[in-house]
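Asks: Mind having a look at this structure? Questions to follow.
Protein chains: 2
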Amino acid sequence: MNEIKIGLIGFGTIGAGVVKLLRNNASLIEQKTGARVALKWIADLDITTDRGVSTEGIQLTRRVDDLLHDPEVSVVIELIGGYEPARTFVLKAIENGKHVVTANKALLAVHGDEIYAAAREKGVEVLFEASVGGGIPVLSAIKGNLAANRFSTVLGIVNGTCNYILTRMTQEGADFGDVLKSAQALGYAEADPTFDIEGVDTAHKLCLLLSLCFGTKIDLKDVYCEGITSVTSEDVDFAKNFGYRIKLLAIGKLDGDRIEARVHPTMVPIDYPLADVHGVFNAIRLTGDFVGPVMFYGRGAGMDATASAVIGDVMELTRDMLAGGSRRCAPLGFLDENVAALTLKPMGEIVSKYYIRFHAQDRPGVLARIAGSLGKFGISIASMVQSARSEEVVPIVIMTHEAREGDVRQALEEIDAFDVIRERSNFIRIEDNLE
Amino acid sequence: MNEIKIGLIGFGTIGAGVVKLLRNNASLIEQKTGARVALKWIADLDITTDRGVSTEGIQLTRRVDDLLHDPEVSVVIELIGGYEPARTFVLKAIENGKHVVTANKALLAVHGDEIYAAAREKGVEVLFEASVGGGIPVLSAIKGNLAANRFSTVLGIVNGTCNYILTRMTQEGADFGDVLKSAQALGYAEADPTFDIEGVDTAHKLCLLLSLCFGTKIDLKDVYCEGITSVTSEDVDFAKNFGYRIKLLAIGKLDGDRIEARVHPTMVPIDYPLADVHGVFNAIRLTGDFVGPVMFYGRGAGMDATASAVIGDVMELTRDMLAGGSRRCAPLGFLDENVAALTLKPMGEIVSKYYIRFHAQDRPGVLARIAGSLGKFGISIASMVQSARSEEVVPIVIMTHEAREGDVRQALEEIDAFDVIRERSNFIRIEDNLE
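What follows is the structure, encoded as structure tokens:
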């Protein structure tokens with residue numbers, strides 16, 4: 001029996017999932033690959049706390065070098081997250097001729113180029129299915145059986161924390177702040193939830209999806225990133241009345257030779273499969289020129305689902321090694337020399353439908369002034385609702401036809417300066433025109 | 001530049017899609033694989049009809065042997081469908097050391113064993129992503145990144161014709177016969193639709209899904225197969241009122257060491273993503289012990305989507321060949337020697353919730369008699385509706401809690417013999433308990 005020895009860096013939740021999977025399904029892995037996949041080393045600063053999984057037969061160490069320098073180890077799994085020291089460890093593993101499997105989207109979104117170049121030089125592979133969509137095998141699909149397609153669009157619900165919060169706001173009519181607090185208490189949101197709720201984690205994942213779909217390098221700082229903190233229960237209610245649900249979407253679109261890369265709350269029609277992705281589930285929807293629209297759905301996080309993706313990658317590597325081939329597929333699916341930068345389309349130039357909410361004094365002529373401003377900037381109104389609250393300040397909601405974002409922003413600047421407008425307007429982009 | 005030469009058998013709709021894709025996306029394929037994928041031969045009985053795609057540079061022949069015996073051809077694509085002569089051609093291609101890509105579910109469901117054994121002997125690969133779910137890369141996912149999971153359930157909407165008919169029955173309240181006629185006129189159903197509407201095509205696909213999920217051989221004749229011809233618009237209406245939609249599902253479940261393999265109309269809750277799979281779209285939902293539930297959605301048929309899966313397979317083979325490896329992965333994902341027969345669970349022993357519709361005379365005591373019979377066989381009622389039609393014969397619908405199918409059938413036999421029952425009762429199984 002062949003044996004593939006691996007080293008694991010990071011014994012947190014996902015690390016424990018990896019250990020558990022390798023124990024529970026060892027015989028299955030053998031039946032499929034013809035090899036025993038043996039976890040030889042676990043490196044972590046804390047090697048004493050019980051993680052609820054047996055570490056029998058595994059060498060635990062505080063020194064990552066123990067596994068990085070072990071010539072028997074052919075695959076290194078990196079699960080510590082963040083930029084450093086993950087970057088250093090991954091580069092060292094590659095330098096030592098080891099294949100790398102990682103779930104670290106932040107690392108790859110920022111240092112991917114350097115890591116892929118090093119891997120190419122050393123003839124090793126870097127696999128990272130677990131970095132986007134947890135257990136959903138979407139990256140493998142883009143690189144693999146969908147590879148014959150030119151993609152035009154990729155949309156994703158890829159952050160479970162945001163989707164959990166938006167789902168509860170929708171189902172309970174609750175406020176953002178209250179749901180966030182409860183999500184933190186339940187462990188669905190971090191104590192410092194910034195990366196999640198401000199959309200940064202989603203932007204990291206979008207960078208990876210774009211790289212694989214379009215064979216391009218995306219600079220994280222060029223991705224438009226707007227989180228869910230400004231979504232109110234009022235917006236959620238209006239969305240429902242118009243037949244939409246609000247989701248935080250990662251959106252990538254190819255328009256000619258320019259690319260849109262944006263993360264923001266988005267209204268999707270209630271009868272779209274994306275609208276039915278609830279709680280901590282994730283979904284990614286791609287459109288290819290031949291396959292048409294295709295969607296993947298599953299658990300976007302969690303110990304077990306993420307371990308499924310990590311060990312799935314390890315099994316792919318095992319098959320590659322046993323078949324005698326190396327570097328069967330480049331990290332992004334495109335040969336490294338064919339990865340090229342694409343120009344990003346500025347946000348002002350994107351075209352979308354918009355939901356716009358104003359809070360205005362309930363006076364005659366207000367609607368006419370708002371409509372006038374929108375018309376001046378070429379924004380055409382699809383429908384309008386003024387709530388019949390018997391209060392002095394009322395919400396006015398306008399759904400537009402397709403408009404340029406730059407025009408919308410200019411119009412809103414003008415309207416927000418009206419004396420009858422009582423607080424800054426809010427707008428949410430709508431995606432209801434998907435093929 | 002490396003070049004991989006392929007031969008195509010069958011120049012029908014999908015064949016034309018393959019030619020189109022290879023022309024349109026030739027440079028993309030090169031950028032990803034580092035090889036030119038060149039279609040050298042097309043074999044078809046009709047080589048004169050214009051398919052709307054250019055065949056410049058391709059040799060057309062009526063003799064399949066021309067490509068089967070061409071030593072330059074390393075991959076043969078079989079797209080003629082059916083058992084013979086497809087079986088003979090595929091076995092000859094393997095015998096001559098060529099890898100095979102096919103979309104032929106019927107062939108593999110019935111002659112898979114023989115074909116996989118031959119491929120093993122010759123050290124070539126057999127790939128068939130296009131055989132299930134059109135362009136949806138579900139088979140690749142099961143064999144690939146999801147491989148670390150033990151699956152417990154696979155459910156699929158995998159026949160576009162049936163889903164189109166059921167969708168229109170649901171949306172329009174139309175009758176089966178009328179929708180079928182219109183589907184035939186529109187080209188969504190064959191002139192002889194038997195294979196589709198009787199569930200046989202779905203059963204073929206279920207055999208393949210089960211083989212990959214469970215590493216097992218399934219005999220087509222052991223799959224319980226019930227088509228959609230007995231679904232009435234009345235059933236569709238009742239389903240809607242109870243919060244369900246009716247879908248033709250392929251269902252595979254592992255229960256201990258026995259397997260359920262069944263195809264039948266099924267009620268799924270309206271808020272399940274599966275319920276939102278409309279028209280000719282397909283979806284496959286799997287549950288793995290680590291990944292949990294995961295769903296794939298996309299176009300289940302058509303020239304372009306199917307070509308995406310076929311050329312996706314060709315690109316995988318190209319990568320395998322260039323990496324110097326062969327037989328990187330066995331056809332079913334399990335090493336051939338680990339594929340074993342599983343025992344099928346008899347339909348009488350399956351447990352499900354049921355929708356049961358009776359047509360009975362509107363007389364006092366009828367409900368009591370029906371309920372009494374059900375109770376006698378241990379079937380517990382979840383809810384009941386008797387339509388307030390002012391006619392002598394009224395429909396009575398009962399939704400049951402979980403019950404054994406054998407008990408349900410016995411109870412219905414008893415009830416159908418009552419003098420007040422005016423026609424044979426109908427029942428539809430319910431899947432609303434998915435994780």
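If you read the sequences in order, they're chains A and B.
Take 1 as the starting number for the first sequence in the UniProt record's numbering and just add one per residue.
Take 1 as the starting number for the second sequence in the UniProt record's numbering and just add one per residue.
Glycine included, every Cβ here is placed at the ideal spot set by N, Cα and C.
The structure presented is a predicted model; accordingly, all values stated were derived computationally and were not measured.
Looking at the unbroken alpha helix (DSSP H) that takes in R168 of chain A, where does it start and where does it end?
Replies: Segment 160 to 172, the alpha helix (DSSP H) holding R168 of chain A.
Asks: For chain B, find out if any of its Cβ atoms is closer than 9 angstroms to the Cβ of A148 of chain A; answer yes or no.
Replies: So, interface residue.
Asks: At a Cβ threshold of 9 angstroms, is Q171 of chain B touching chain A?
Replies: With 9 angstroms as the cut-off, Q171 of chain B does not count as an interface residue toward chain A.
Asks: Is it buried or exposed for N163 of chain A, if we count other Cβ within 10 angstroms and need 16 for buried?
Replies: Looking at its Cβ environment, which holds 16 or more other Cβ atoms inside 10 Å, N163 of chain A is buried.
Asks: At a CB-CB cut-off below 8 angstroms, which residues of chain B make contact with S326 of chain A?
Replies: Those within 8 angstroms of S326 of chain A in chain B are A323.
Asks: Have a look at D419 of chain A and P331 of chain A and give me their C-alpha separation to the nearest angstrom.
Replies: Taking the straight line from one Cα to the other gives about 55 angstroms.
Asks: Roughly how many angstroms separate the alpha carbons of S352 of chain A and C225 of chain A, rounded to a whole number?
Replies: Taking the straight line joining both Cα atoms gives about 16 angstroms.
Asks: Are the Cβ atoms of A307 of chain A and L21 of chain A separated by less than 9 angstroms?
Replies: A contact, by the Cβ cut-off of 9 angstroms.
Asks: Measuring only the C-alpha atoms, how far is V53 of chain A from M295 of chain B?
Replies: Between V53 of chain A and M295 of chain B, the C-alpha separation is close to 29 angstroms.
Asks: Which residues of the region 113 to 143 of chain B have a Cβ closer than 7 angstroms to any Cβ of chain A? Give them in chain order.
Replies: From the region 113 to 143 of chain B, only E129, G135, I136, P137, S140, A141 have a Cβ closer than 7 angstroms to chain A.
Asks: Identify each residue in the region 295 to 311 of chain B for which the Cβ-Cβ distance to at least one residue of chain A is less than 7 angstroms, and report them in chain order.
Replies: Listed by position along the chain: M295, F296, Y297, G298, R299, D304, A305, A307, S308, A309, I311.
Asks: By the 10 Å Cβ neighbour count, where 16 or more other Cβ atoms means buried, how is L186 of chain B classified, buried or exposed?
Replies: Per the 10 Å Cβ criterion, exposed.
Asks: Determine which residues share a DSSP beta bridge with P265 of chain A and list them.
Replies: DSSP output for P265 of chain A lists A:L248 as bridge partner(s).
Asks: Going by DSSP, name the residue or residues bridged to R63 of chain A.
Replies: Paired residues: none, contrary to the question.
Asks: Where S380 of chain B and M169 of chain B are concerned, what is the direct C-alpha to C-alpha distance, given to the nearest angstrom?
Replies: The straight-line gap from Cα to Cα measures roughly 30 angstroms.
Asks: If contact means a Cβ-Cβ distance below 7 angstroms, which residues of the region 399 to 429 of chain A contact chain B?
Replies: Those would be none; no residue qualifies.
Asks: If the cut is a Cβ gap below 7 angstroms, which residues of chain A does R319 of chain B touch?
Replies: Here the neighbours are R328, C329.
Asks: For K32 of chain A, decide whether its Cβ has a neighbour in chain B, counting only Cβ atoms nearer than 9 angstroms.
Replies: So, interface residue.
Asks: Taking the DSSP output, what are the residues bridged to I398 of chain B?
Replies: B:I356, B:M384, per the DSSP bridge assignment.
Asks: Which partner residues of G298 of chain A appear in the DSSP bridge assignment?
Replies: Paired residue(s): A:N282, B:V294.
Asks: Output, in chain order, the set of chain B residues within a Cβ distance shorter than 7 angstroms of N338 of chain A.
Replies: Going along chain B in sequence order, the residues near N338 of chain A (Cβ under 7 angstroms) are Q31.
Asks: I'd like the span of the beta strand (DSSP E) that includes V76 of chain B, first residue to last.
Replies: Where V76 of chain B is concerned, the enclosing beta strand (DSSP E) stretches over 73 to 78.
Asks: Less than 9 angstroms separating the beta-carbons of A148 of chain A and M315 of chain B?
Replies: Contact: yes.
Asks: If you follow the alpha helix (DSSP H) that I370 of chain B is part of, which residue opens it and which one closes it?
Replies: Counting along the chain, the alpha helix (DSSP H) containing I370 of chain B begins and ends at 366 to 376.
Asks: For T102 of chain A, which of helix, strand or coil comes out of DSSP?
Replies: The answer is strand: DSSP assigns T102 of chain A an E or B state.
Asks: Measure the C-alpha to C-alpha separation of D113 of chain A and F334 of chain A and round it to an integer number of angstroms.
Replies: Taking the straight line joining both Cα atoms gives about 13 angstroms.
Asks: At the level of alpha carbons, what is the spacing between V124 of chain A and R319 of chain A?
Replies: Near 14 angstroms, if we compare the C-alpha coordinates of R319 of chain A and V124 of chain A.
Asks: Once the 5 residues before and after I398 of chain A are set aside, which same chain residues still bring their CB inside 6 angstroms of it?
Replies: The answer, listed in chain order, is I356, I381, M384.
Asks: Terminal residues of the continuous beta strand (DSSP E) containing N24 of chain A?
Replies: Segment 13 to 24 is the alpha helix (DSSP H) holding N24 of chain A; no beta strand (DSSP E) there.
Asks: What are the residues of the region 6 to 31 of chain B that lie near chain A, defined by any Cβ-Cβ distance shorter than 9 angstroms?
Replies: Hits within the stretch, in order: G17, K20, L21, L22, N24, N25, L28, I29, E30, Q31.
Asks: In terms of residues, what are the limits of the beta strand (DSSP E) holding K240 of chain A?
Replies: Run containing K240 of chain A: none in the beta strand (DSSP E); it sits in the alpha helix (DSSP H), 233 to 241.
Asks: Is the beta carbon of L206 of chain A closer than 9 angstroms to that of A250 of chain A?
Replies: Yes, Cβ-Cβ distance for A250 of chain A and L206 of chain A is below 9 angstroms.
Asks: CB I415 of chain B to CB R369 of chain B, shorter than 9 angstroms?
Replies: Yes, Cβ-Cβ distance for I415 of chain B and R369 of chain B is below 9 angstroms.
Asks: If we cut at 9 angstroms on Cβ distances, does V314 of chain B have a partner in chain A?
Replies: Yes, because at least one Cβ of chain A sits closer than 9 angstroms to the Cβ of V314 of chain B.
Asks: Taking 9 angstroms as the CB-CB limit, is residue 456 of chain A close to chain B?
Replies: The question about residue 456 of chain A has no answer here: the residues shown for chain A are numbered 1 through 435.
Asks: So, do the region 272 to 280 of chain B and the region 93 to 102 of chain B have three or more beta carbon pairs nearer to each other than 8 angstroms?
Replies: Too few Cβ pairs lie closer than 8 angstroms, so no.
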